[in-house]
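Protein chains in written order, with our numbering: chain A, 1 to 191; chain B, 1001 to 1191.
Each residue gets a CB set at the ideal place from its N, CA and C atoms; glycine is no exception.
Here the structure is laid out as structure tokens; the discussion comes afterwards.
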């Protein structure tokens, strides 16, 4: 029996990385907002590899991750095969401090589908204090605007990314700064 | 011997709540950025009750806190006396998942003073997974702009606060939404 409280999943939206499996057995990772309403869990998933995978095999793992590189890489490109490990033939992220495996029930929409998530397994590998780091948080925000920028190529998204980059420069550590360089590279902006 | 890694204090700036003690023995709490450069820790502290207290008694505790209400209340007003507890006659926050107690060495500046912090004690009460919550993170950002707004009363800060409030509305839980109502009340904005 999985108690989602133990995984820190609170009311509102938790930003996690979903791992899913393609019909060909290829693992995929993508950042997804995990919505909690009371004790029910949902995700709103746009047409994507993640959605295709869930339709073909209705399972997903929510990986709770603190590495900014993983958020940016999985948002804007693919993460390396060696970052995954398989638990009962399903992929999770090897270095995730925790993950929850779900059975999925989806309601297909035109652009976005609602997926209800029922926890069936989970693991907590590392419990640690995590003081607020505005630099890390700014990377998450920047990565969200970056996913919009690569689709719409609008200046307003780039301005948001630059704004968050200024917070990263001020408050982030080396890992966050390195992640922003990667982000700009992945969206094709020379810095 | 305190290992700051155990407290999740990474390179860059961690946002924590400093507790200090006044000459009259009154505890104070204020949000402060804890800078880590290599293995040295600093805080840049504006002229404030926190700085006065450190000058009178050169100690401070960095409380690692996840409750958005504590950030907003300590940023914009005073937190209740019953929120503190005393450890060897020095105040810390009772419900903090962790705290580090420091000896302080300050270099007084005109507006801002640099305080070097040497850990002398610490406690970890709760280790938990903390998935990213954009709503919680947005409250932290809003509280920073709110402290500027109450000083300068400029529209641009209010616009930032409104922007972050839109993220809280979308991604936050009940606690974050309640905290934003409190924030607007404390800065004198009717919603």
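Is residue i helix, strand or coil when you go by DSSP?
i: residue 87 of chain A; result: strand
i: residue 1125 of chain B; result: coil
i: residue 1153 of chain B; result: coil
i: residue 947 of chain B; result: There is no way to answer for residue 947 of chain B, as the model of chain B reaches only from 1001 to 1191.
i: residue 1068 of chain B; result: helix
i: residue 1004 of chain B; result: helix
i: residue 98 of chain A; result: strand
i: residue 1191 of chain B; result: coil
i: residue 1077 of chain B; result: coil
Bridge partners for residue i per DSSP, in chain order?
i: residue 46 of chain A; result: A/112
i: residue 1018 of chain B; result: B/1030 and B/1062
i: residue 218 of chain A; result: Lying outside 1 to 191, the shown extent of chain A, residue 218 of chain A is not represented and no answer is given.
i: residue 1103 of chain B; result: B/1059 and B/1118
i: residue 1037 of chain B; result: B/1040
i: residue 1093 of chain B; result: B/1084
i: residue 1168 of chain B; result: Residue 1168 of chain B pairs with nothing; no bridge assigned.
i: residue 1132 of chain B; result: A/15
Would you decide whether residue i is buried or exposed? Buried here means 16 or more other CB atoms lie within 10 Å of its CB.
i: residue 1033 of chain B; result: buried
i: residue 1010 of chain B; result: buried
i: residue 113 of chain A; result: buried
i: residue 1061 of chain B; result: buried
i: residue 37 of chain A; result: exposed
i: residue 154 of chain A; result: exposed
i: residue 107 of chain A; result: exposed
i: residue 23 of chain A; result: exposed
i: residue 1079 of chain B; result: buried
i: residue 1181 of chain B; result: exposed
i: residue 1189 of chain B; result: exposed
i: residue 143 of chain A; result: buried
i: residue 3 of chain A; result: exposed
i: residue 86 of chain A; result: exposed
i: residue 81 of chain A; result: exposed
i: residue 1159 of chain B; result: exposed
i: residue 1096 of chain B; result: buried
i: residue 73 of chain A; result: buried
i: residue 165 of chain A; result: buried
i: residue 1187 of chain B; result: buried
Rounded to whole angstroms, how far is the Cβ of residue i from the Cβ of residue j, which I believe are closer than 8 Å?
i: residue 20 of chain A; j: residue 64 of chain A; result: Contact doesn't hold; Cβ gap of about 16 Å is too wide.
i: residue 1147 of chain B; j: residue 1075 of chain B; result: 5 Å
i: residue 1015 of chain B; j: residue 132 of chain A; result: 4 Å
i: residue 1145 of chain B; j: residue 1161 of chain B; result: 5 Å
i: residue 1130 of chain B; j: residue 98 of chain A; result: Not quite, the Cβ-Cβ distance comes to about 10 Å (not below 8 Å), so this is no contact.
i: residue 1043 of chain B; j: residue 1115 of chain B; result: 5 Å
i: residue 58 of chain A; j: residue 28 of chain A; result: At roughly 14 Å, the Cβ-Cβ gap does not stay under 8 Å, so residue 58 of chain A and residue 28 of chain A are not in contact.
i: residue 90 of chain A; j: residue 101 of chain A; result: 6 Å
i: residue 1139 of chain B; j: residue 1071 of chain B; result: 7 Å
i: residue 35 of chain A; j: residue 13 of chain A; result: 5 Å
i: residue 1137 of chain B; j: residue 137 of chain A; result: 4 Å
i: residue 135 of chain A; j: residue 171 of chain A; result: 4 Å
May I ask you to verify whether the segment 105 to 119 of chain A touches the segment 168 to 177 of chain A, counting CB pairs closer than 8 Å and requiring at least 3? Contact between the segment 105 to 119 of chain A and the segment 168 to 177 of chain A is absent, because fewer than three Cβ pairs lie under 8 Å.
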